[in-house]
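Below is one structure, written out as structure tokens, with a few remarks after it.
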Amino acid sequence: MFFSLGWVTALVAGIFALHVVQKLCFPYFWKDVFYLVKVIRYGARLEIFKMTSKVVTIIDRFVQQVERIPTKPFLIYEGVTYTYQDINERSNKLANVFLEQGMLKKGDSVALLMNNEPDFICVWFGLIKLGCAVAFLNTNIKSRSLLHCFNCCGAKTLVVGAELQHSRRSVIPPSSLTSLNSVVKQGCSSKCACVYSPLNSTKSYWCYEFYLHTHSPVVVVMLVDGRVGVVAGLPKAAVITHLQSLKAAAGFWAYGGSEDDVVYIPLPLYHSAASLIGVGGTIEMGKTAAVYLSIGCETGLLLSKIGASSPFFGYAGSKQLTEKKLMRNVFVKGDVYFNTGDLMAEDAEDFICFKDRVGDTFRWKGENVATTEVTEVLGMVDFIQEANVYGVEIPGNEGRAGMAAIIVRPECEFSGKKLFDHVLNDLPGYARPLFIRLQESMEMTGTFKQQKFNLVESGFNPSTICSPLYFLDFSEKSYVPLTNTLYGSILAGERKL
Numbered sequence: 000m001f002f003s004l005g006w007v008t009a010l011v012a013g014i015f016a017l018h019v020v021q022k023l024c025f026p027y028f029w030k031d032v033f034y035l036v037k038v039i040r041y042g043a044r045l046e047i048f049k050m051t052s053k054v055v056t057i058i059d060r061f062v063q064q065v066e067r068i069p070t071k072p073f074l075i076y077e078g079v080t081y082t083y084q085d086i087n088e089r090s091n092k093l094a095n096v097f098l099e100q101g102m103l104k105k106g107d108s109v110a111l112l113m114n115n116e117p118d119f120i121c122v123w124f125g126l127i128k129l130g131c132a133v134a135f136l137n138t139n140i141k142s143r144s145l146l147h148c149f150n151c152c153g154a155k156t157l158v159v160g161a162e163l164q165h166s167r168r169s170v171i172p173p174s175s176l177t178s179l180n181s182v183v184k185q186g187c188s189s190k191c192a193c194v195y196s197p198l199n200s201t202k203s204y205w206c207y208e209f210y211l212h213t214h215s216p217v218v219v220v221m222l223v224d225g226r227v228g229v230v231a232g233l234p235k236a237a238v239i240t241h242l243q244s245l246k247a248a249a250g251f252w253a254y255g256g257s258e259d260d261v262v263y264i265p266l267p268l269y270h271s272a273a274s275l276i277g278v279g280g281t282i283e284m285g286k287t288a289a290v291y292l293s294i295g296c297e298t299g300l301l302l303s304k305i306g307a308s309s310p311f312f313g314y315a316g317s318k319q320l321t322e323k324k325l326m327r328n329v330f331v332k333g334d335v336y337f338n339t340g341d342l343m344a345e346d347a348e349d350f351i352c353f354k355d356r357v358g359d360t361f362r363w364k365g366e367n368v369a370t371t372e373v374t375e376v377l378g379m380v381d382f383i384q385e386a387n388v389y390g391v392e393i394p395g396n397e398g399r400a401g402m403a404a405i406i407v408r409p410e411c412e413f414s415g416k417k418l419f420d421h422v423l424n425d426l427p428g429y430a431r432p433l434f435i436r437l438q439e440s441m442e443m444t445g446t447f448k449q450q451k452f453n454l455v456e457s458g459f460n461p462s463t464i465c466s467p468l469y470f471l472d473f474s475e476k477s478y479v480p481l482t483n484t485l486y487g488s489i490l491a492g493e494r495k496l
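Numbering-wise, numbering that gives the first Met the number 0 puts 124 at position 125 of the sequence shown, and it's gapless, one number per residue.
Structure (structure tokens):
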């Protein structure tokens with residue numbers, strides 16, 4: 000009896016000690032276990048859907064919710080509430096307009112250039128009902144970068160909001176309108192098809208069977224905004240299937256979300272976190288979405304394993320770019336990983352957080368900036384002989400602000416006003432260099448590549464840098480000399496960045 004009591008006491012003490020150790024060293028252990036169980040359950044459910052051809056697409060799931068909760072608010076935008084039925088009927092009308100005008104057919108790719116608004120979702124859903132792949136274009140990019148994005152997704156039709164028609168003109172010159180469809184939301188010219196003119200007289204129901212299924216090879220083509228390839232430094236079109244979008248939509252459910260929640264989406268809808276996780280998660284849970292007009296361990300590179308349960312379908316139209324993003328034989332011979340290009344670190348509470356980008360990119364204002372793309376744009380300025388673009392840290396700000404070291408042509412002079420006008424017209428806000436450093440020569444590596452490390456380390460402090468420095472000043476509409484006083488105001492957060 001004594002032995003039994005001692006054994007029980009020791010067992011209880013051991014369990015208690017393990018509990019204390021778990022709480023101190025692994026405080027989120029049980030939450031992680033429960034989360035993993037839910038993810039495995041959802042993955043098994045998706046595989047069953049895939050094999051039995053039941054609910055297999057995000058639009059199927061949406062229609063299910065329309066039938067179940069038609070009058071429940073689905074979207075709140077600028078104080079106006081749209082129900083599940085409202086969005087469904089609107090997307091049906093848009094699908095019927097595209098179908099009746101004969102501009103689209105099953106399998107076509109359509110580029111979508113719209114700001115955050117209800118019709119972004121309605122157009123997206125309407126195109127899916129037609130069996131089209133949709134490419135979300137970053138509304139910040141301009142000129143040649145936008146044209147590149149449009150071309151690489153293989154689209155023949157561009158749907159653009161009226162407020163972004165100026166961007167459309169940079170993509171589709173008048174001479175190209177005969178071979179390319181341009182659809183605008185309102186206020187369109189006679190050379191473009193306008194979806195709004197026949198919209199009110201179009202039927203609001205959809206009587207055709209959905210074309211797409213879980214295994215569809217191309218469903219949504221997300222243009223990875225600013226994530227750069229080794230070759231051109233321009234965005235690439237990543238292929239995402241309906242199965243992948245359904246997996247992304249399960250995020251809120253896995254984290255314990257409920258049907259009574261309201262999801263606030265301040266991100267631009269062209270971002271996968273907003274569209275696939277935000278909107279998709281809202282549909283999966285039958286929630287309501289509120290859309291807004293948009294110390295620890297060593298830092299390491301985030302790799303994503305590619306396998307049967309997590310396939311990577313590559314970039315649209317480019318096997319070479321796809322191969323450059325793959326890393327083989329990483330841990331064991333024969334394994335394959337996708338190189339995200341993101342540097343991550345574990346903080347004091349065991350959460351994984353983003354730190355920086357690798358290679359020729361850095362992150363600023365939530366966007367990935369391609370240094371090669373910015374360098375190419377700066378090279379078009381007549382007085383710039385050479386430019387070296389990199390990112391510098393500003394205390395109190397996440398990511399790195401753009402900075403460019405430039406060499407001025409011998410026969411020319413630096414013009415802050417001319418450079419300001421150029422970057423304003425040809426670069427999105429997040430990619431414009433905030434600081435300019437004038438140099439007489441550029442430091443190079445042994446293989447004649449531009450050296451960035453020393454420039455990054457030296458930052459933008461005028462008291463420690465002998466070279467002339469300039470700051471992007473919107474009040475002066477020019478690059479102005481960076482003085483110690485101006486430097487202090489930037490660090491104090493008194494200047495808009």
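Virtual Cβ for every residue (Gly too), placed ideally from N, Cα, C.
With which residues is residue i paired in a DSSP beta bridge?
i	result
THR360	ALA369
THR339	Paired residue(s): none; THR339 is not in a bridge.
GLU345	ILE351
ILE406	GLU385
PRO310	Looking at the DSSP assignment, PRO310 forms no beta bridge with any residue, so it has no partner.
LEU266	Bridge partners of LEU266: none, in fact.
GLY250	Looking at the DSSP assignment, GLY250 forms no beta bridge with any residue, so it has no partner.
VAL79	TYR76
ASP259	None, per the DSSP bridge assignment.
ASP59	For ASP59, which the question treats as bridged, DSSP gives no partner whatsoever.
ALA132	SER108
VAL19	Paired residues: none, contrary to the question.
Is residue i helix, strand or coil when you go by DSSP?
i	result
ILE383	strand
LEU98	helix
GLU240	Per the sequence shown, residue 240 should be read as Thr rather than Glu. It is coil, neither helix nor strand.
LYS495	coil
SER274	helix
GLN450	coil
CYS206	With a pLDDT of 49 at CYS206, under the threshold of 50, the modelled position of that residue is not reliable, and the figure given next carries that caveat. CYS206: coil per DSSP, three-state reduction.
LYS304	strand
PHE28	helix
MET50	helix
GLY518	Within the shown structure, residues of the chain are numbered from 0 to 496, placing residue 518 beyond reach of any answer.
PRO467	coil
PRO480	strand
GLY106	coil
GLY398	strand
THR156	strand
GLY299	strand
LEU437	strand
THR177	Residue placement at THR177 is flagged as unreliable, the pLDDT there being 35, under the threshold of 50; a coordinate-derived value is accordingly withheld.
VAL455	helix
ASP334	coil
Nearest by alpha-carbon distance to residue i: which of the options is it?
i	options	result
GLY285	PHE15, GLU345, SER257	SER257
LEU301	THR371, THR339, SER488	THR339
ALA161	PHE15, LEU146, THR138	THR138
VAL373	GLU345, LYS318, PHE434, ARG327	PHE434
ASP341	GLY333, MET326, GLN100, ASN367	ASN367
THR82	HIS147, ASN95, ARG67, ALA94	ARG67
GLY398	ARG431, ARG362, HIS270	ARG362
GLU392	ILE489, PHE311, TYR269	ILE489
ILE276	TRP6, LEU245, THR8	LEU245
LEU268	GLU46, VAL331, GLN100, PHE135	PHE135
GLY255	GLY395, LEU485, TRP6, ASP31	ASP31
VAL238	THR287, VAL159, CYS151	CYS151
Below 6 Å CB to CB, which residues in the same chain sit around residue i once its five sequence neighbours on both sides are set aside?
i	result
LEU454	TYR389, ALA404
ILE127	ILE58
PRO498	There is no way to answer for residue 498, as the model of the chain reaches only from 0 to 496.
LYS364	TYR429
ARG494	SER488
PRO69	TYR83, GLN84
GLY458	VAL391
Between which residues of its own chain and residue i is the CB-CB distance below 8 Å, once the five residues before and five after are set aside?
i	result
ASP425	LYS141, SER142, ARG143, VAL376, MET379
SER308	GLY42
GLU439	ILE406
GLU456	none
MET402	VAL388, TYR389, GLY390, VAL391, PRO432, LEU433, PHE434, ILE435, ARG436, LEU454, PHE459
Excluding the five sequence neighbours on either side, which residues of its own chain have a C-beta within less than 7 Å of the C-beta of residue i, listed in chain order?
i	result
GLU442	GLN450, ASN453
Comparing the C-beta of residue i with each C-beta of chain D, is any distance below 7 Å?
i	result
ALA430	The chain labelled as chain D is not found in the depicted structure, where only one protein chain is given.
Inset, instruction - Determine contact between the region 32-48 and the region 262-271, defined as no fewer than three beta-carbon pairs at a distance below 8 Å. - result: no
Inset, instruction - State whether the region 151-160 contacts the region 107-121, with contact taken as three or more CB pairs (one from each stretch) at a distance under 8 Å. - result: yes
Legend entry - Inter-stretch contact (C-beta, 8 Å, three-pair minimum) for the region 470-480 and the region 410-425: yes
Inset, instruction - Determine contact between the region 267-285 and the region 66-74, defined as no fewer than three beta-carbon pairs at a distance below 8 Å. - result: yes
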